Each structure stands twice: as C-alpha cells, then as structure tokens.
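S.K.:
There are 2 protein chains.
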Amino acid sequence: MVRNLEYPKKPQNTVKRYDGRGTYDLGAIHSIINTTSVLHVSFAPSPDQPFPAILPMIGVMGSFEYPSSGIDEPLDCYLHGYVSSRIMRLARASDKGLPLCVAATKVDGLVLSLTPNSHSYNYRSAVLQGYAKPVETDEEKLYAMRLITNKVVDGRWENTRIPPDNVEMTSTTILRVKVETGSGKIRQGGPHDEAKDEKRDDVTEKVWTGVVPVYEAFDTPIPSTTNKVKQVPSYLDAYVSQTNKENRQAALDAVNEP
Amino acid sequence: MVRNLEYPKKPQNTVKRYDGRGTYDLGAIHSIINTTSVLHVSFAPSPDQPFPAILPMIGVMGSFEYPSSGIDEPLDCYLHGYVSSRIMRLARASDKGLPLCVAATKVDGLVLSLTPNSHSYNYRSAVLQGYAKPVETDEEKLYAMRLITNKVVDGRWENTRIPPDNVEMTSTTILRVKVETGSGKIRQGGPHDEAKDEKRDDVTEKVWTGVVPVYEAFDTPIPSTTNKVKQVPSYLDAYVSQTNKENRQAALDAVNEP
Chain F
0 MVRNLEYPKK PQNTVKRYDG RGTYDLGAIH SIINTTSVLH VSFAPSPDQP FPAILPMIGV
60 MGSFEYPSSG IDEPLDCYLH GYVSSRIMRL ARASDKGLPL CVAATKVDGL VLSLTPNSHS
120 YNYRSAVLQG YAKPVETDEE KLYAMRLITN KVVDGRWENT RIPPDNVEMT STTILRVKVE
180 TGSGKIRQGG PHDEAKDEKR DDVTEKVWTG VVPVYEAFDT PIPSTTNKVK QVPSYLDAYV
240 SQTNKENRQA ALDAVNEP
Chain W
0 MVRNLEYPKK PQNTVKRYDG RGTYDLGAIH SIINTTSVLH VSFAPSPDQP FPAILPMIGV
60 MGSFEYPSSG IDEPLDCYLH GYVSSRIMRL ARASDKGLPL CVAATKVDGL VLSLTPNSHS
120 YNYRSAVLQG YAKPVETDEE KLYAMRLITN KVVDGRWENT RIPPDNVEMT STTILRVKVE
180 TGSGKIRQGG PHDEAKDEKR DDVTEKVWTG VVPVYEAFDT PIPSTTNKVK QVPSYLDAYV
240 SQTNKENRQA ALDAVNEP
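Quick note, the sequences are listed as chains F and W, same order.
For the first sequence, numbering that gives the first Met the number 0 begins at 0 and goes up steadily by one.
For the second sequence, numbering that gives the first Met the number 0 begins at 0 and goes up steadily by one.
Here it is, written out as structure tokens:
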C-alpha cells in the first residue's frame, strides 16, 4: 500500500485544539478546496496597515506541469477574482510571490447538545499557505480558466463560446499559489454531552439533542431574458441533481460517528 | 426620513471593482454577518511569520452596553471558536486589542453567461475590520453566549440546560471586536453578455444562459442516540422550515435585476 502524501507540520499549520480532527492528507485537503464555492483569501496589504485583507475568490487545485496529477498529489491552487493593482504589485515585488492564506469551510450540520457549551457544527475546513504569482503565459491561463469554469458547473467550459478572445485573455488575471503547507479539520458525529448532564432526568426529558444536517442546495435553473436554448441542457441538469444528491449525502453521512 | 448609518470609507475598505455593488450601510453589513453560519477571521500571527492566519469562527453582532440596539445601529461583533493562548496573548498585548478582519460570504446563485469570462456568482459579502479583546465579565459573556447560541438555532439557548456552570463559564472564551470600519458587496441579477456575443446566432442558439439559485438548506433533524425527547420541538421545527424558506427565497429574489 502506498502511503498517502501529507503536508509538512509546521508551527503555523499544526492543529492544536481537538487535534484528532486534524488532517494533513493532500487528498482530503484538496477535495475540500475543490468543493467549496467561495474561498477566503487573506494577505497583509502593507506594513503600515494593521488589518489583514480578506477577499472572497473562486479557486481550484491543479497542475499545469503535470495535468494528469491526481487530487492526492502535489498541486497548485489557481485563484480567480478581483485582483487589484495592489495585489499584482505585491505579487510581483518578490521572487517568491505574495504570501497568502487560502481558507475553505463547509458546514455539514448543527450539532445540538444538552448544554450550550457542548454545541458544535459538523464541518470540513481546509487552509493552505503559499506564495501567489500571476499566471503569465496564455497556455497556463487557458488551463486554469477551464478548471475554474468547470468547477462552477462541470462541463460548462466546453458548452460556452470558447476560446476567449485576445481582450478577454488580457483582462483576466489568475493567481497561481505554490503551496508551502496546509491542514484540514473535520468534525463528524452527534453531540457529546458530559455525564453530569446525561444523568439528570430533568435535563434529558426537556432538551432535544441531535443533528440538523446542513448542505448547499441548487434550485431549478432559471433562464435569462435573452436565453434562446429552450431546454436546460443535460450536462447542467445532471450537474444540479448530482451535486444536490452528493451534498445532501455528505451532510447525512457526517451525522455518523467517524 | 432618517439617513441610514454608514461605515466610514477608508483606503482599506473602499470597494473599488464594480463599486456600484458596494455598500457601507450598517444594517446591510450586519445582516450578512448574522445570517452566515461560519465567519472567516484573519489576523497577523507574529512579525516573523509571512502568512496571515485564518480561523473559521461563529459570530454575531450585538451591543452589551445598549442591548436594545437595532441591526442598523453601531454594534460589536462577538466571536466564538478556538481561541488559542497565542491569540489571547496578542489580544491582551495592546490596549486596543488584536487587529483582525472578519469576512462573511453567501453565494446566492451561479450566473451562467455566453462566455466563461462573463460568468459570475450572485452573492452577498461583508468584511469588518476592528480590534478584538476577550470578554472579561461573566455578565457580558452570558449575553454573548446567548446571542451566539440563538444565532445557530433561534430559541435554542432557552431550551437547553442553562445557565452554564462555573467550569463552563471559565472554559469559554468570547472575543469582542470593536469595529473600526466595514464594507459589503452584493451582486444580483442575470448574466450580462457583450453585444459581440449576443449578436452571434451560432453562440446564442447553443449556449444556455441563466442563473442556478444556490442556498444553504437544512434537512430533517436527526435525534442523537441518547435523545429522550420524542418529538422534534416546535421552536426547532419552525426554525428549520422558516430558514429553508427564507434562504431559498433570497436566492430566487437575487435572480432579479436590482
């Protein structure tokens, strides 16, 4: 059996609290990033500014050099979103690029216990730390644009007006993050109460305990006012129903103790 | 008519890209924070560390001094989650507290246009910047714990074993963020394509355009193995169905042009 690849444990990414929930497995961490609609990307904007900046961005794992790499292999994180001239300047200012932190969190359930202090969420979260540089070549940009579009709806890229023209290529900025390290944290299962409360009949007879499964749901696609394609295409229809099924199942599976 | 309160526009919170989507309205920004399950909180961990830290936390707006304040009035942000000894040290190290950035993003829809470059999300996002200190008094801690618990499920606090005992009070850390400034960004409506593509029959006859509404859904509550309350309580049942209804409606409303 081949051992799964793991990110190195460094002071800044080692899970300390509830460390049994921590994971450094590349496959687990990359999967959370790839199935989260919006990533939160943080960086230090300038030395005179005390507050880090946070931007919501779309991102996906990939490897332009080794495009056939699996999800559990070393990958870069491609980010798309509003890349200001400030970020571009910071990213180009050093050879390594702009140090940033990419976070993804999915809530799988509300975990309701006897006492407020034991309440929790079932969740899957991942954090990557790495150095970002703008993608420079058209070939790599196209590679990343396709990955990002097909992350939003699987198969969408091939079913739109492609390839992007020169103006579109020039106006699109993609950041490639070379990952230094990462970590994930996963909480599954029902509520865990303390014996002092579980033994009290006046409490257990009054307080309902359990899990409310939570997931991201897609509703029926609504055509735009200018749409001329009469039926919702099968790839889109399939993606909507398949994703709904998978997301709901993940929330239900998370109710079981790991 | 009373003018709505707005956060001051500073260099670090002024919306530059698509500035028509920006908002500084306290009510709008606080509502996004309060209806987002998980907030992403970022701060600079130490001067020798290039990467900002990001933590997923639960948070809610409130005012211990003026508890009857409306959502559109000046409020603090109370945060609950894993507060390490490192964060506590940083928060106590200065009079003002630890500078941090709180981000909330809700995806309301996948906006599918003729060409990949015009694809977008409908979304509501909010960012707060402020200084965090641990809440010190039991009175304020209780106030915040109730707010946070009832954010997860409305009415849950009153329906659990309360008040927390001494051990629970001591082991719970809540951060109070005094907000310096904030901003929000909201995208609504259908896809916006360019005339060059809308005029091409070969494109419009092939590419479906429109919006896939997206929302956070709750499934039927699942009792724990130790639960002794036979029926799902009415406050929980009502919260689940009401939230599902509101979340879905928000996603459908977002399809319309603002």
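Positions of the beta carbon are idealized from the N, C-alpha and C atoms, including for glycine.
Since we're looking at a predicted model, the values are computed, not measured.
Going residue by residue through the stretch 5 to 43 of chain W, where are the continuous alpha helix (DSSP H) segments of at least 4 residues, counting only ones entirely within it?
M.R.: Taking only runs of at least 4 residues, the alpha helix (DSSP H) segments lying wholly in the stretch 5 to 43 of chain W are 25 to 33.
S.K.: Comparing alpha-carbon positions, which option in F:Gly183, F:Leu113, F:Pro49, F:Val59 lies nearest F:Arg145?
M.R.: As a position in the first sequence, residue 145 of chain F is number 146, starting the count at 1. Out of F:Gly183, F:Leu113, F:Pro49, F:Val59, F:Val59 has the C-alpha closest to the C-alpha of F:Arg145.
S.K.: Name the DSSP bridge partner or partners of F:Ala52?
M.R.: Here residue 52 of chain F refers to the residue found at position 53 when the first sequence is read from its first residue. Paired residue(s): F:Phe42.
S.K.: Closer than 8 Å by beta-carbon distance: list the chain F residues that pair up with W:Ser67, in chain order.
M.R.: One-based indexing of the second sequence puts residue 67 of chain W at position 68. Chain F residues near W:Ser67: none, gap ~23 Å exceeds 8 Å.
S.K.: Can we say the stretch 44 to 51 of chain F touches the stretch 9 to 29 of chain F, given the rule of at least three CB pairs closer than 8 Å?
M.R.: No, because fewer than three Cβ pairs between the stretch 44 to 51 of chain F and the stretch 9 to 29 of chain F fall closer than 8 Å, the two stretches do not touch.
S.K.: Is W:Tyr234 helix, strand or coil when you go by DSSP?
M.R.: Taking the second sequence and counting its residues from 1, one reaches residue 234 of chain W at position 235. In this structure, W:Tyr234 counts as helix in the three-state DSSP scheme.
S.K.: CB of W:Tyr120 to nearest heavy atom of the ligand NAP: below 7 Å?
M.R.: The ligand content of the structure shown is nil, which means the ligand NAP is not present either.
S.K.: Based on DSSP bridge pairs, tell me the residues matched to F:Arg186.
M.R.: By one-based count along the first sequence, residue 186 of chain F stands at place 187. According to DSSP, F:Arg186 bridges with F:Tyr122.
S.K.: Between which two residues does the alpha helix (DSSP H) containing F:Asp200 stretch?
M.R.: For the purposes of this step, residue 200 of chain F is taken as the residue at position 201 of the first sequence. 200 to 203 is the span of the alpha helix (DSSP H), which, as asked, contains F:Asp200.
S.K.: Considering only C-alpha positions, which residue in the set F:Pro190, F:Ala125, F:Leu99, F:Asp200 is nearest to F:Ile86?
M.R.: Residue 86 of chain F sits at position 87 when you count from the first residue of the first sequence. Ranking the options by Cα distance to F:Ile86, first place goes to F:Leu99.
S.K.: By a C-beta neighbour count over all protein chains shown, 10 Å radius and 16 as the cutoff for buried, is W:Val166 buried or exposed?
M.R.: As a working mapping, residue 166 of chain W is identified with position 167 in the second sequence. W:Val166 comes out exposed.
S.K.: Which residues of chain F have a Cβ atom closer than 7 Å to the Cβ of W:Tyr81, listed in chain order?
M.R.: Here the question's residue 81 of chain W lines up with position 82 in the second sequence. By Cβ distance, chain F contributes Arg16.
S.K.: Determine the direct distance from the alpha carbon of F:Thr104 to that of F:Met56, and round the result to whole angstroms.
M.R.: Translated into the one-based positions of the first sequence, residue 56 of chain F becomes position 57. Translated into the one-based positions of the first sequence, residue 104 of chain F becomes position 105. Going by the C-alpha atoms only, they are around 13 Å apart.
S.K.: Only counting the same chain, and skipping five residues up and downstream in sequence, which positions put a Cβ closer than 6 Å to that of F:Glu72?
M.R.: Position 73 of the first sequence, counting from 1, holds the residue named residue 72 of chain F. Hits under 6 Å: none found.
S.K.: Less than 8 Å separating the beta-carbons of W:Arg160 and F:Asp196?
M.R.: Here residue 160 of chain W refers to the residue found at position 161 when the second sequence is read from its first residue. Here residue 196 of chain F refers to the residue found at position 197 when the first sequence is read from its first residue. Contact: yes.
S.K.: Along the chain, where does the alpha helix (DSSP H) containing F:Lys195 start, and where does it finish?
M.R.: On the first sequence, residue 195 of chain F is found 196 positions in, with the first residue counted as 1. F:Lys195 -> alpha helix (DSSP H) spans 194 to 197.
S.K.: Less than 8 Å separating the beta-carbons of W:Pro222 and F:Gly209?
M.R.: Indexing the second sequence from 1 puts residue 222 of chain W at position 223. Indexing the first sequence from 1 puts residue 209 of chain F at position 210. It is a contact, given that the beta carbons lie within the stated cut-off.
S.K.: Applying the 10 Å Cβ sphere with the 16-neighbour rule, what's the burial state of F:Ala216?
M.R.: Walking along the first sequence from the start, residue 216 of chain F turns up at place 217. Classification of F:Ala216: buried, given that the 10 Å Cβ count is 16 or more.
S.K.: So, helix, strand or coil for F:Asp153, using DSSP?
M.R.: As a first step, residue 153 of chain F is located in the first sequence; it is residue number 154 there, counting from the start. Looking at F:Asp153 - three-state DSSP - the assignment turns out to be coil, as it is neither helix nor strand.
S.K.: Answer with yes or no whether the minimum CB distance from W:Met60 to chain F is below 8 Å.
M.R.: The residue you call residue 60 of chain W lines up with position 61 of the second sequence. For W:Met60, the answer is no, since every Cβ of chain F falls outside 8 Å of its Cβ.
S.K.: Express the C-alpha separation of F:Pro212 and F:Arg247 in angstroms, rounding to a whole number.
M.R.: To locate residue 247 of chain F, count along the first sequence from 1; it is residue 248. To locate residue 212 of chain F, count along the first sequence from 1; it is residue 213. Approximately 8 Å, taken between the alpha carbons.
S.K.: Please state if the CB of W:Val176 and the CB of W:Gly108 are separated by a distance shorter than 8 Å.
M.R.: Numbered from its first residue, the second sequence carries residue 108 of chain W at position 109. Numbered from its first residue, the second sequence carries residue 176 of chain W at position 177. Taking 8 Å as the Cβ cut-off, W:Gly108 and W:Val176 do not qualify as a contacting pair.
S.K.: Identify, in the order they occur along the chain, each residue of the same chain with its Cβ nearer than 6 Å to the Cβ of W:Ala125, setting aside the five sequence neighbours on each side.
M.R.: Position 126 of the second sequence, counting from 1, holds the residue named residue 125 of chain W. Around W:Ala125: Ile28, Ile31, Ile32, Ala103, Gly183.
S.K.: Give the residues from the stretch 213 to 247 of chain W that approach chain F closer than 7 Å (Cβ to any Cβ), ordered along the chain.
M.R.: Of all residues in the stretch 213 to 247 of chain W, Val213, Tyr214, Glu215, Ala216, Phe217, Asp218, Pro220, Ile221, Pro222, Ser223, Thr224, Thr225, Asn226, Lys227, Val228, Val231, Pro232, Leu235, Val239, Arg247 have a Cβ within less than 7 Å of some Cβ in chain F.
S.K.: What residues from the stretch 157 to 187 of chain W come within 7 Å of chain F, judged by C-beta to C-beta, listed N to C?
M.R.: So the close ones are Asn158, Thr159, Arg160, Ile161, Pro163, Glu167, Thr171.
S.K.: Note down, in chain order, each residue of its chain lying with its Cβ closer than 8 Å to the Cβ of F:Val91, except the 5 sequence neighbours on either side.
M.R.: Against the first sequence, residue 91 of chain F aligns to sequence position 92. In the sequence as presented, Val is not what sits at residue 91 of chain F; that position holds Arg. The answer, listed in chain order, is Lys132, Pro133.
S.K.: Please tell me whether W:Pro220 and W:Val239 are closer than 8 Å, where the distance is taken between their beta carbons.
M.R.: Here residue 220 of chain W refers to the residue found at position 221 of the second sequence. Here residue 239 of chain W refers to the residue found at position 240 of the second sequence. A contact, by the Cβ cut-off of 8 Å.
S.K.: Taking 6 Å as the limit between beta carbons, can you name the residues of its chain near F:Trp156, skipping five residues before and five after?
M.R.: Translated into positions along the first sequence, residue 156 of chain F becomes position 157. Same-chain partners within the cutoff: Arg145, Thr148, Asn149.
S.K.: Assign F:Asp214 to one of three DSSP states: helix, strand, or coil.
M.R.: What you label residue 214 of chain F is simply residue 215 of the first sequence in a count that begins at 1. One detail in the question is off: residue 214 of chain F reads as Tyr in this sequence, not Asp. F:Tyr214 falls in the strand class under three-state DSSP.
S.K.: Around the Cβ of F:Leu4, are there at least 16 other Cβ atoms within 10 angstroms (buried) or fewer (exposed)?
M.R.: Here residue 4 of chain F corresponds to residue number 5 of the first sequence, with the count starting at 1. By the 10 Å Cβ count, F:Leu4 comes out exposed.
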